[in-house]
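Asker:
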Amino acid sequence: MSYAKLRSVGLVGVRGHLVEVEADVANGLPLVILSGLPDTALHEARDWVRAAIVNSGQHWPNRRITVNLLPAALPKSGSGFDLAVACAVLAGAGELPLAALQDVVVIGELGLDGSVQPVRGVLPMVLAAAQAGIRRVVVPLANAAEAALIPGLTVRATDTLHRLVSFVRGGGPLLDPPDEPPPELDRGPDLCDVVGQEAGRRAVEVAAAGSHHLAMLGPPGAGKTMLARRLPSILPDLDDAAALEVTALHSIAGALPPGAPLLRRPPLQSPHHTASVPALVGGGSGLARPGAVSLAHRGVLFLDEAPELSPRALEAMRQPLEEGTVNLRRTNGETSFPARIQLVLAANPCACAKPAGDLACECSPLARRRYLGRLSGPLLDRVDIQVRLEPLTAATLLDEHAASEPSSVVADRVATARAAAAARWAGHGWRSNAEVPGAVLRAPAWRLPRRTLGSVRQLLERGQLSARGYDRVLRVAWTISDLAGRSRPNEGDVCEATELRRGEVR
Ligand SMILES: Nc1ncnc2c1ncn2[C@@H]1O[C@H](COP(=O)(O)OP(=O)(O)OP(=O)(O)O)[C@@H](O)[C@H]1O
Ligand SMILES: [Mg+2]
Ligand SMILES: [Zn+2]
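Written as structure tokens, this is what we have:
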């Protein structure tokens with residue numbers, strides 16, 4: 021035989037696409053030609069695959085070898101085609117009968133020594149194979165548990181090229197995915213650790229119930245970081261579709277925890293304020309890597325010390341926040357990753373990070389406004405809840421009888437409130453109050469009576485609330501009412517919503 025064909029899968033963004041790997045081995049000067057829009061990683065694959073074949077004790081055909089990846093128009097990245105290329109070359113040279121790999125998708129990177137190395141993104145690759153009607157896949161052993169998350173597929177694994185070659189020749193078995201019980205759901209740190217700080221706890225609960233973005237301003241040590249990290253603990257589990265989306269993104273980033281469980285809990289990402297733009301929104305060479313905004317998809321993106329982020333980083337966050345996806349410009353076209361996040365910002369009132377009113381802080385009101393003003397355009401404009409936290413008093417901290425509600429109790433209230441909002445807006449296509457446009461809440465169908473709006477009208481008239489802030493107060497008032505089990509916000513709900521806006525930075 022001088023021609024052989026094998027199936028593999030390529031990734032573009034989060035989507036897998038079936039790829040056919042063809043090899044033709046002809047007489048002529050020893051030469052390897054790779055075609056089908058390969059990127060640099062594929063060019064390297066040429067020497068790599070040769071070394072792996074030779075070091076697996078196989079014969080490398082010293083002839084004219086043409087390897088082609090189809091469809092040609094599909095941008096191809098990464099080293100996940102290595103294993104399929106090696107098998108196709110051996111088969112093309114007549115060294116390997118491919119009957120055993122008919123209708124099987126083969127994924128894996130080769131080490132120079134012939135070992136099969138794990139690749140990023142196996143979950144979405146295998147999902148694409150399943151959706152295309154493929155029933156059997158061969159993957160690197162280290163990716164087998166992840167591949168096995170897709171139902172209806174037979175997953176076999178290999179740790180070396182030699183093992184796969186032996187199997188194809190009928191000489192030995194492939195490996196099975198490890199059979200581990202799924203680990204317990206990790207809900208992360210619990211709200212019961214937070215002493216006092218009623219306003220902060222309430223802000224986090226309301227944010228969770230309405231999917232509102234949240235900003236917490238306050239002096240060092242007030243518990244901003246503590247509260248932010250506990251928001252995921254009161255969010256509901258991800259449904260099947262969301263869990264698959266989230267796990268796929270973590271798979272592409274190579275960030276799945278060992279054992280590769282399906283990620284069932286909303287993720288939390290807290291990139292440091294010095295993080296690079298690619299670390300925040302994604303990028304990198306070869307197969308694009310999702311950044312923190314995409315790893316936080318359907319979960320929480322926590323930007324601590326947010327005013328310290330570079331202007332470029334703040335600007336890069338704008339598009340994902342507006343559209344719920346990140347678009348990355350790549351050499352071979354544009355790639356996009358989902359990025360529907362709940363944003364939590366924390367900030368000190370000024371750059372010196374000393375308690376406001378403290379004698380040690382000498383920052384002028386102007387300097388303080390400027391510091392927080394860095395956030396106002398791109399980010400804060402979309403943040404419904406902006407609270408100011410006061411430092412914890414010694415009395416509260418030392419109160420031995422103080423017991424804080426655990427996350428499980430708060431999570432139940434949140435789930436009920438979310439269900440009420442989802443039911444109300446279902447016909448409109450919105451899932452949470454945060455998604456409802458201000459104009460809708462001001463329109464006759466949903467407008468609140470004058471007496472209910474007393475407190476917020478006063479603030480508006482005195483110029484203490486912006487027009488945008490007004491819409492955000494309305495939205496949050498609906499969430500507070502959902503938490504209370506009311507069908508419409510009352511005056512108290514609106515009043516509390518204005519309190520959750522006290523940190524508004526304009
Ligand atoms: N409400 C609280 N209940 C219990 N511990 C608290 C509380 N607030 C602060 N602490 C303690 O103080 C530490 C600092 O809290 P945290 O990092 O959340 O403050 P912060 O507001 O983020 O401060 P900074 O502005 O310095 O980042 C926590 O690790 C915790 O030990
Ligand atoms: Mg902090
Ligand atoms: Zn200061």
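For the sequence shown, this note's numbering gives the first residue as 21, with consecutive numbering after it. Think of the CB as a built atom: it goes at the ideal place given N, C-alpha and C, for glycine as much as any other residue.
#1: At which residue ranges does the stretch 90-143 contain complete alpha helix (DSSP H) runs of 4 or more residues, listed in the order of the chain?
#2: When you compare only the Cα positions, how much space is there between residue 482 and residue 489?
#3: Just list the beta strand (DSSP E) runs in the stretch 355-380, keeping only unbroken ones of 3 residues or longer that don't cross its boundaries, in chain order.
#4: Can you give the Cα-Cα distance for residue 236 and residue 179, rounded to whole angstroms?
#5: Taking C-alpha atoms, which residue in 346, 305, 433 and 479 lies nearest to residue 315?
#6: Could you say if the stretch 148-162 and the stretch 128-136 meet the contact criterion of at least three C-beta pairs nearer than 8 angstroms?
#7: Just checking residue 244 against ligand 2 - is the residue's beta carbon closer than 7 angstroms to any of the ligand's heavy atoms?
#8: Whole angstroms is fine: what's the gap from residue 492's alpha carbon to residue 459's?
#9: Just the Cα atoms here: how many angstroms apart are residue 517 and residue 385?
#10: Verify the contact flag: residue 213, CB atom, against every heavy atom of ligand 2, threshold strictly below 7 angstroms.
#11: Would you identify the three-state DSSP class for residue 37, choosing helix, strand or coil?
#12: Thinking C-alpha only, which one of 258, 187 and 53 is nearest residue 44?
#13: Just the Cα atoms here: how many angstroms apart are residue 113 and residue 189?
#14: Leaving aside the five residues before and after residue 200 along the sequence, list all residues of the same chain whose C-beta is less than 6 angstroms from its C-beta, in chain order.
#15: Quick one: measure Cβ to Cβ for residue 38 and residue 29, integer angstroms, because I've assumed they're closer than 8 angstroms.
#16: If you draw a straight line from the alpha carbon of residue 184 to that of residue 502, how long is it in whole angstroms?
#17: Please report the distance separating the alpha-carbon of residue 522 from that of residue 254.
#18: Would you tell me roughly how many angstroms separate the C-alpha atoms of residue 102 and residue 86, rounded to the nearest one?
#19: On the CB-based measure, 16 or more other CB atoms within 10 Å of its CB, does residue 324 come out buried or exposed?
#20: Can you find the residues in the same chain that come closer than 7 angstroms, C-beta to C-beta, to residue 355, ignoring five residues on each side of it along the sequence?
#21: Regarding residue 208 and ligand 1, is the C-beta to nearest heavy atom distance less than 7 angstroms?
#22: Quick check on the DSSP output: the alpha helix (DSSP H) that includes residue 496 runs from which residue to which?
#23: Assuming residue 320 is part of the alpha helix (DSSP H), what are its boundary residues?
#24: For residue 166, I'd like the list of residues in its chain whose CB is within less than 7 angstroms of its CB, leaving aside the five on either flank, ordered along the chain.
Answerer: For this structure:
#1: 102-112
#2: 13 angstroms
#3: 362-367
#4: 49 angstroms
#5: 346
#6: yes
#7: yes
#8: 11 angstroms
#9: 26 angstroms
#10: no
#11: strand
#12: 53
#13: 14 angstroms
#14: 279
#15: 6 angstroms
#16: 57 angstroms
#17: 24 angstroms
#18: 14 angstroms
#19: buried
#20: 32, 33, 308 and 348
#21: no
#22: 487-503
#23: Taken as a continuous stretch (DSSP letters only), residue 320 belongs to no alpha helix (DSSP H), being part of the beta strand (DSSP E) at 320-323.
#24: 142, 143, 271, 276 and 280
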